[in-house]
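If you're matching positions, the sequence shown starts at 2 in the working numbering and goes up one per residue.
Taking it in order: structure first as structure tokens, then the write-up.
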Amino acid sequence: MKHTLLLLALLGCELDQDNAAELQREATQAQTEAGEKIVEARADATETIADARAELSQEAREAQAQADLAIAGANGDFQALREAYRHEKAQALVELDTRVAELEAMALTADSEEKARREPVLRQIAQLRADFIRAYDELETVDAAQWDTERDRVDRLWDAFQIAVRKA
2 MKHTLLLLAL
12 LGCELDQDNA
22 AELQREATQA
32 QTEAGEKIVE
42 ARADATETIA
52 DARAELSQEA
62 REAQAQADLA
72 IAGANGDFQA
82 LREAYRHEKA
92 QALVELDTRV
102 AELEAMALTA
112 DSEEKARREP
122 VLRQIAQLRA
132 DFIRAYDELE
142 TVDAAQWDTE
152 RDRVDRLWDA
162 FQIAVRKA
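Here it is in structure tokens:
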């Protein structure tokens, strides 16, 4: 009986060792598989990030191209607006200059008293015209951000010039 118990005890130890070795192999295998899954997940994540970056980069380039087109269109519209305004004022200036020339001709043929009255008015008109022309010429270099302010300044100078001619 003693031998049987000893045999059973030895057999139990051997089974426990086999069982422990099997558990160790399973743990090692699980750890290896987990490591492989981590490597695979990292590779997938790296690929996904690279794809997302490439997609965002492409979207950014497309957005920049669209913005460049919109800016070019707006600049073209602004140039057309500026040229239309300058053309309109140039035509009106021809008409007003004709009236000024008539006033100057009348001053030349006027008597001395009338001439004395008209000369200061004509000098004022000449100064107002010069101020207008200077501001009008500056419109050529004004950008869109300054356009409204500068156009309003030109309009005020134009109005003053036009009123002075009408009153003369």
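Note that the Cβ used here is the ideal one computed from N, Cα and C, for glycine as well.
Following the DSSP letters along the chain, one finds Leu140 in no alpha helix (DSSP H), marked with neither H nor E. For Ala161, the enclosing alpha helix (DSSP H) starts and ends at 145-168. For the segment 66-145, the full-length alpha helix (DSSP H) segments reaching 4 residues or more read 113-139 along the chain. A contact is defined here as three or more CB-CB pairs under 8 Å, and the segment 140-155 fails this definition with respect to the segment 116-123. In this structure, the straight-line span from the alpha carbon of Met107 to that of Arg83 is close to 36 Å. Considering only Ile126, Glu139, Tyr137, the residue with the shortest C-alpha distance to Arg100 is Ile126. When only Cα atoms are considered, Lys38 and Asp45 end up about 10 Å apart.
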